[in-house]
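A.B. asks: Converting from the sequence shown to the numbering used here requires adding 3 to each position, the first position being numbered 1. Where is the CB? At the ideal position from N, CA and C, for every residue including glycine. Take this structure, written in structure tokens, and hold onto it; I'll ask about it next.
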Amino acid sequence: MATPQKTVKVQLVRSPIGCKESHRATVRGLGLRKVNSVSELEDTPAVRGMINKIDYLVKIV
Numbered sequence: 004m005a006t007p008q009k010t011v012k013v014q015l016v017r018s019p020i021g022c023k024e025s026h027r028a029t030v031r032g033l034g035l036r037k038v039n040s041v042s043e044l045e046d047t048p049a050v051r052g053m054i055n056k057i058d059y060l061v062k063i064v
């Protein structure tokens, strides 16, 4: 029996304009486009690391 995948919802609360290019790429990698957009992602260590990298731009919903 397969275990259900845990997910995490992330919302972009600040614009990545003026941030490092790698931080902007991380925002796009999480599937976020505009401010207040929400993306539901699989809760993996890789995704958690991306969220921690840009924690000042996003919030977990």
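Excluding the 5 residues preceding and the 5 following Val38 in the sequence, name in chain order all residues of the same chain whose CB lies nearer than 8 Å to its CB.
C.D. replies: Leu15, Val16, Arg17 and Ser18
A.B. asks: Could you check what DSSP says for Val61 in three-state terms: helix, strand or coil?
C.D. replies: strand
A.B. asks: Alpha carbon to alpha carbon, how far is Thr10 from Arg27?
C.D. replies: Answer to the nearest angstrom: the Cα atoms are 22 Å apart.
A.B. asks: Have a look at Val30 and Ala49 and give me their C-alpha separation to the nearest angstrom.
C.D. replies: In this structure, the CA atom of Val30 is about 13 Å from the CA atom of Ala49.
A.B. asks: CA-CA distance, Gly21 and Leu60?
C.D. replies: 12 Å
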